[in-house]
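Read left to right, the sequence shown gives residues 1 to 442 (the UniProt record's numbering).
Using N, Cα and C, we set each Cβ at its ideal position, and we do this for glycine too.
Okay, so here's the structure we're looking at.
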Amino acid sequence: MPATTPAEVRSHLTDALQLDLVGPTPNDTTYACEVLTQPPSKWYLTGFLVPFGAPPEVRSDDTSNDELDQISNSDVADDAGTPETASARKALFPSSIGLSFLISSETKELDVTVNWGDYVSKVGETELESTETDSESEQISTELWERIPQAVDVHIILPKDKQKKQLDVPGGSGLQLFVSCRAVRSQNLPKGTRSVSVFLVNYRTHNPNKKRDPSFAFQASLNIRTTKGFVPRPDLRGQNSSDWDEAVASLQYRNDCEFAVGHNVSAIALHSDNKCQEISTTWIPQAEVPRVEPADIAGLELSMEALADAADAQTVRRMINPMVTSYLKWITDQQAAAPSEPQQTKVATDLLNRARKICDTRSVKPPAYRIALDSKHWMIHWFLRRFKLLTVRSLLPADNASPTTPFGFASFDSTETAKTRTCSPTTSHPKTFHPPNGDRFS
């Protein structure tokens, strides 16, 4: 059935990108035993591990330094010169991938699943299309590469502090697991927390007289599980920072945490209710951003046509006043949900004071309420512009805002996580606006 919803279309595009750049995933049954007409190291761009210690010509792409043909142009311009040649040093393919994570003192063992694909060369026949002069099709021999999916489960007893463990992946695969463990002492983590790193390394032997692809491990991945759960690591980058942007980001994303960090690969964590029992590697990381919808405020009118058709300024104020009322209530709710940590409390108070100014009628001086009818359009423009400037500069828009949050701003009690930070501008808004009729707003 074809994709119909936006979510299904995005999922289809992501799967197509994965299949085109990396290859089949461990759960892909359709292409698990695919057959390629080219060596897989030329078919796929990433996702494979080369033998550790192999010579550079094996660990690099022999076409990576190919230059594109220069397009001749008769026009002479200042920037028409030939660009500088890229560095002659070739980028090497990785020989290992790994995950680092935190565990509690109760965790003594891990369950690890290693997935990869081996490709074997075989001779096949390809049928050439017949021409107008030749009615018979011609069969030619060609080299084909057949994929053999591999999956191995390994039970790991964690080593003691500051010790390492080396394990062979069963089945004579030539792959090995390296496990290291050390204690972590931090006031921001539970007592007894330990840091663990698990690496998958390709120790296969490369034979220079044979093709290189059979010694590669394609679509390599690690999946690590524990019933005790992984310890979340908070982001302390903006804690006690003197930089305003960092301080605001630290407040808005103080509930953000990560359960794993990837090495030569990205990491994903499968968690719910801030508890994670499974982490995995991924070559194409993804992040879902919750949709933010403004609250449905009764009696609010924001249509520019309706505001322009208002009879007088008093009518305009009555049409947009529910937004001010709801905004004041939202500020009050945020004040009650502000964090107790001193630095974050200071930042939250500053942000709320800035937000409260827009709703404080004492900041509007006469004759603001006596604006003539012919200048009501300017009043609408001023109000919306002032509202936008102050809120954008005082509150941090965030992807993790609740769908019911007024105006789509992040709440102080938000529990959603968002990995992408957006810093608010530090430039203060203009203090004085000059209306066409001479009225002044402070």
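Q. Is DSSP giving His155 helix, strand or coil here?
A. Walking along the sequence shown from the start, residue 155 turns up at place 155. Looking at His155 - three-state DSSP - the assignment turns out to be strand.
Q.
For Glu109, tell me which candidate among Val179, Pro294 and Phe259 has the shortest Cα-Cα distance.
A. Mapped onto the sequence shown, residue 109 falls at position 109. The residue with the shortest Cα to Cα distance from Glu109 is Val179.
Q | Same chain, Cβ closer than 7 Å to Arg204, five either side skipped, listed in chain order | A | The residue you call residue 204 lines up with position 204 of the sequence shown. Apart from the 5 residues on each side of it in sequence, Arg204 sits with its Cβ closer than 7 Å to the Cβ of Pro51, Gly174 and Ser215 in its chain, given in chain order.
Q. Which whole-angstrom value is the C-beta distance of Val231 and Thr193, which I expect to be below 8 Å?
A. Taking the sequence shown and counting its residues from 1, the one referred to as residue 231 is at position 231. Taking the sequence shown and counting its residues from 1, the one referred to as residue 193 is at position 193. Contact holds; Cβ gap of about 5 Å.
Q: Please decide whether Ser180 counts as near chain B, where near means a Cβ-Cβ distance under 8 Å.
A: The structure shown contains no chain B, having only a single protein chain.
Q. Hey, would you say Val120 sits closer than 8 Å to Ile284, going by beta carbons?
A. Taking the sequence shown and counting its residues from 1, the one referred to as residue 120 is at position 120. Taking the sequence shown and counting its residues from 1, the one referred to as residue 284 is at position 284. Contact: no.
Q. Using the rule of at least 16 other Cβ atoms within 10 Å of the residue's Cβ for burial, across every protein chain shown, is Met304 buried or exposed?
A. By 1-based counting over the sequence shown, the position of residue 304 is 304. The Cβ neighbour count for Met304, taken over all protein chains shown within 10 Å, is under 16; the residue is labelled exposed.
Q) Rounded to whole angstroms, how far is the Cβ of Ile279 from the Cβ of Val112, which I believe are closer than 8 Å? A) Looking up residue 279 in the sequence shown gives position 279. Looking up residue 112 in the sequence shown gives position 112. In fact, because the Cβ distance is near 10 Å, the residues do not count as touching under 8 Å.
(Q) With H, G and I counted as helix, E and B as strand and the rest as coil, what does DSSP make of Gln286? (A) Position 286 of the sequence shown, counted from the first residue, corresponds to residue 286. Assigned with DSSP and collapsed to three states, Gln286 falls in coil, not helix or strand.
**Q.** Sequence-distant residues of the same chain with beta carbon closer than 8 Å to Asn240, five excluded per side
**A.** As a working mapping, residue 240 is identified with position 240 in the sequence shown. Same-chain partners within the cutoff: Gln343.
Q | Same chain only: Cβ atoms within 6 Å of Met319, ignoring 5 sequence neighbours per side | A | Sequence index remark: in the sequence shown, residue 319 carries index 319 (1-based). Excluding sequence neighbours, Met319 sits near Glu301.
Q) Any idea if Leu270 is buried or exposed, counting beta-carbon neighbours within 10 angstroms, 16 or more meaning buried? A) By 1-based counting over the sequence shown, the position of residue 270 is 270. The C-beta of Leu270 has fewer than 16 other C-beta atoms within 10 Å across all chains shown, which makes the residue exposed.
Q | Alpha-carbon to alpha-carbon, Gly171 and Gln252 | A | On the sequence shown, position 252 is the one that residue 252 refers to. On the sequence shown, position 171 is the one that residue 171 refers to. C-alpha of Gln252 to C-alpha of Gly171: approximately 49 Å in a straight line.
Q: Compute every distance between the C-beta of Ser180 and the non-hydrogen atoms of the ligand ZN, then say whether any falls below 7 Å.
A: Only the bare structure without any ligand can be found here, which leaves the ligand ZN out of the picture.
Q: Kindly indicate which residue of Lys191, Glu246, Val198 and Pro190 has the alpha-carbon position closest to the one of Ile156.
A: Sequence index remark: in the sequence shown, residue 156 carries index 156 (1-based). Measuring from the Cα of Ile156, the nearest candidate turns out to be Val198.
Q: Check each candidate in Val35, Thr14, Arg254 and Leu17 and name the one with the smallest Cα separation from Trp145.
A: For this step, residue 145 is matched to residue 145 along the sequence shown. When each option's Cα is compared against that of Trp145, the closest is Val35.
Q. Fully enclosed by the segment 189–261, which alpha helix (DSSP H) runs are 4 residues long or longer?
A. Listed in chain order, the complete alpha helix (DSSP H) runs (minimum 4 residues) inside the segment 189–261 are 244–252.
Q | Simplified DSSP assignment, three categories, for Pro56 | A | Residue numbering aside, residue 56 sits at position 56 when the sequence shown is read from its first letter. In the structure shown, Pro56 sits in a helix (DSSP, three-state: H, G or I).
Q: Have a look at Gln314 and Gly229 and give me their C-alpha separation to the nearest angstrom.
A: Here residue 314 corresponds to residue number 314 of the sequence shown, with the count starting at 1. Here residue 229 corresponds to residue number 229 of the sequence shown, with the count starting at 1. Near 59 Å, if we compare the C-alpha coordinates of Gly229 and Gln314.
Q. Start and end of the beta strand (DSSP E) containing Val169?
A. Working through the sequence shown from its first residue, we reach residue 169 at position 169. Counting along the chain, Val169 falls outside any beta strand (DSSP E), and DSSP gives it neither H nor E.
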